[in-house]
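Trainee:
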């Protein structure tokens with residue numbers, strides 16, 4: 003921040019590939035890996051997709067916006083350029099609905115943030131079409147795409163994002179709308195190669211076009227316009243302009259749309275739960291491009307081990323030296339590496355916690371000052387714990403729980419010291435019912451099953467997210483429920499190791515489309531602060547107790563706003579104040595902005611440390627950072 007450069011340059015991810023060109027290298031990049039054998043499979047790719055242009059860009063949704071167990075699904079139209087994306091969750095079969103009624107507004111993807119996959123300019127848009135359930139009746143009163151953006155890239159492509167929710171497209175990206183949301187389709191822009199092209203209501207002249215950067219928030223998924231069910235409609239083609247930049251026409255050539263840094267799995271049916279396509283398998287990767295356009299395909303929009311909705315953003319101290327460390331976990335073979343301020347990166351625990359439904363959690367479960375690893379099998383509820391050794395190394399499970407715990411398809415596991423005994427406990431939250439169960443860490447067994455049950459629904463809304471932190475200045479960890487669309491803050495303070503419902507509420511906060519809420523202790527005080535980092539422009543706000551609104555702010559300067567850059571928080575320098583860390587998931591670069599003494603008036607001021615570009619870390623498609 004300040005005058006510092008933003009971590010990592012932004013880049014355009016759009017690539018045009020000549021018909022018949024080799025696509026093996028593209029697929030290696032698209033799946034987040036490189037394979038020296040890729041050239042051996044060029045002929046396979048050419049048989050699969052001859053003369054079929056490919057367009058590669060970042061995925062429009064992010065793993066951190068998905069609940070545990072949710073994945074994206076692509077439903078393409080073979081022979082055409084469009085792709086429809088929605089979310090599904092596993093409950094013995096794949097379903098596109100949240101628990102409850104089977105209405106469009108209760109579909110799993112309704113309201114999920116959409117991010118730009120490319121750099122470009124907006125050439126056509128509409129932003130305030132109202133929701134009409136009878137989608138067949140809207141053609142004469144609103145755009146077929148409902149609320150949409152048409153983005154022109156620098157290499158003469160257009161990318162179309164459609165059917166977004168009313169008013170969620172930022173006005174800065176789309177100035178077009180009307181008082182009632184309807185449009186007048188009586189006037190259209192003439193096109194040289196077609197009888198009609200774009201509506202006067204929606205078209206942006208060359209001098210009016212807002213700039214978009216890859217990773218920028220575009221809106222939220224809806225079912226607006228000619229849409230049967232909530233989904234994000236996308237398609238890509240070439241754009242033709244005259245010498246003055248006016249659009250003449252859009253071509254109708256089909257494009258394969260491939261998402262960079264993503265995993266795919268063709269879906270054989272609603273009960274198909276077979277493994278994801280291995281990113282290191284070039285033969286499968288070659289066939290993938292045809293599978294995506296042939297039928298429904300499941301999509302994980304990022305490195306497979308990346309955190310999902312509800313996962314913590316706080317770093318941990320694995321060697322007990324007072325400085326928080328980085329841990330890289332490979333779900334391909336289970337290996338973990340720890341990098342801190344002391345010894346060089348160290349590995350261990352190969353073959354651990356790498357099955358499809360197993361998830362890695364971290365916390366100090368034995369109270370020795372070193373954070374440990376916990377593996378939770380979401381499908382069966384099994385638990386294993388690998389305790390950190392004296393140097394922060396891991397050697398495999400030290401404890402296996404006898405009881406099945408938190409196995410429900412709508413349940414998520416959270417970690418925190420809820421009874422203030424110095425050992426982190428487990429909390430199971432059911433986001434459908436709002437019920438909670440707590441398993442306190444003890445001497446023996448380490449985890450023995452439910453010790454406390456919290457009746458009554460809490461934090462079960464469609465857009466609500468739970469954070470763990472110390473919000474009332476005592477030694478126990480509390481819970482915060484943040485409604486990401488409305489900004490509502492509801493605090494449930496731990497009492498005697500359990501919870502009873504909302505004890506306090508804060509002013510609505512951190513509800514912007516590109517904003518993400520972090521919890522950390524950046525002033526070295528008894529209670530944690532809330533941080534709101536805007537991934538669109540790098541602006542930062544801090545809300546300190548009693549959480550009544552922004553207490554400190556820094557304007558945007560692009561810090562940690564790259565398309566693959568994600569922020570985490572932890573005390574990296576051991577001074578008792580949490581710092582900000584930005585990591586680029588693609589390049590492996592890291593940047594740290596150390597928290598300053600609040601008396602100085604400038605808590606965060608820009609990059610204080612950056613990793614060597616020649617030293618990428620935790621970048622493989624199977625690796626995730628904790």
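Residue numbers (my numbering): 3 to 628.
Ideal Cβ placement from N, Cα and C applies to all residues, glycine included.
(1) Below 8 Å, how does it come out for the segment 386 to 406 and the segment 427 to 434: are there three or more Cβ pairs, yes or no?
(2) So what does residue 413 bridge to, in DSSP terms?
(3) Around the C-beta of residue 611, are 16 or more other C-beta atoms found within 10 angstroms, so that it is buried, or is it exposed?
(4) Using C-beta distances below 7 Å, list every residue in its chain close to residue 71, excluding the 5 sequence neighbours before and after it, in chain order.
(5) Mind checking residue 335: buried by the 16 CB within 10 Å criterion, or exposed?
(6) Buried or exposed: where does residue 493 fall if 16 or more other Cβ atoms within 10 Å of its Cβ makes it buried?
(7) What's the call for residue 210, buried or exposed, on a 16-neighbour Cβ count within 10 Å?
(8) Is it true that the CB of residue 620 sits closer than 8 Å to the CB of residue 377?
(9) When we look at the beta-carbon of residue 563 and count the other beta-carbons within 10 Å, is it buried (16 or more) or exposed?
(10) Per DSSP, which residues does residue 221 bridge with? Please list them.
(11) Taking the alpha-carbon of residue 482 as reference, which of 442, 514 and 530 has the nearest alpha-carbon?
(12) Secondary structure at residue 444, three-state DSSP: helix, strand or coil?
(13) Going by the beta-carbon positions, is the gap between residue 597 and residue 579 smaller than 8 Å?
(14) Since residue 496 and residue 420 are thought to touch, with beta carbons under 8 Å apart, how far apart are those beta carbons, to the nearest angstrom?
(15) Would residue 113 and residue 487 qualify as a contact pair, given that the criterion is a beta-carbon distance under 8 Å?
(16) Could you compute how far the alpha carbon of residue 442 sits from the alpha carbon of residue 374?
(17) Does the distance from the C-beta atom of residue 383 to that of residue 407 stay below 8 Å?
(18) Quick check: does the Cβ of residue 157 come within less than 7 Å of any heavy atom belonging to the ligand MG?
(19) Excluding the 5 residues preceding and the 5 following residue 1 in the sequence, name in chain order all residues of the same chain whose CB lies nearer than 8 Å to its CB.
(20) Which residue spans inside the segment 457 to 528 form an unbroken beta strand (DSSP E) run of at least 3?
(21) Look up residue 108 in the DSSP assignment and say whether it is helix, strand or coil.
(22) With 16 as the cutoff for other CB atoms within 10 Å, does residue 119 come out buried or exposed?
(23) Would you call the segment 216 to 233 and the segment 162 to 180 touching, i.e. three or more CB-CB distances under 8 Å?
(24) With DSSP collapsed to three states, give me the class of residue 77.
(25) Counting Cβ pairs closer than 8 Å, one from the segment 52 to 66 and one from the segment 256 to 265, do we hit at least three?
(26) Determine, using beta carbons only, whether residue 154 and residue 162 come nearer to each other than 8 Å.
(27) With DSSP as the reference, label residue 1 as helix, strand or coil.
(28) Let me make sure I understand the geometry here. Which of 501, 490, 504 and 523 has the alpha-carbon closest to that of residue 512?
Mentor: Put simply:
(1) no
(2) 432
(3) exposed
(4) 91, 92, 380 and 411
(5) exposed
(6) buried
(7) exposed
(8) no
(9) buried
(10) 116
(11) 530
(12) coil
(13) yes
(14) 5 Å
(15) yes
(16) 15 Å
(17) yes
(18) With respect to small molecules bound, the structure shown includes none, and the ligand MG cannot be examined in it.
(19) Because the chain spans 3 through 628 in this model, residue 1 falls outside it and cannot be assessed.
(20) 466 to 471, 480 to 485, 491 to 494, 506 to 508 and 517 to 522
(21) helix
(22) buried
(23) yes
(24) strand
(25) yes
(26) no
(27) Missing from the structure shown is residue 1; the chain here goes from 3 to 628 and no further.
(28) 490
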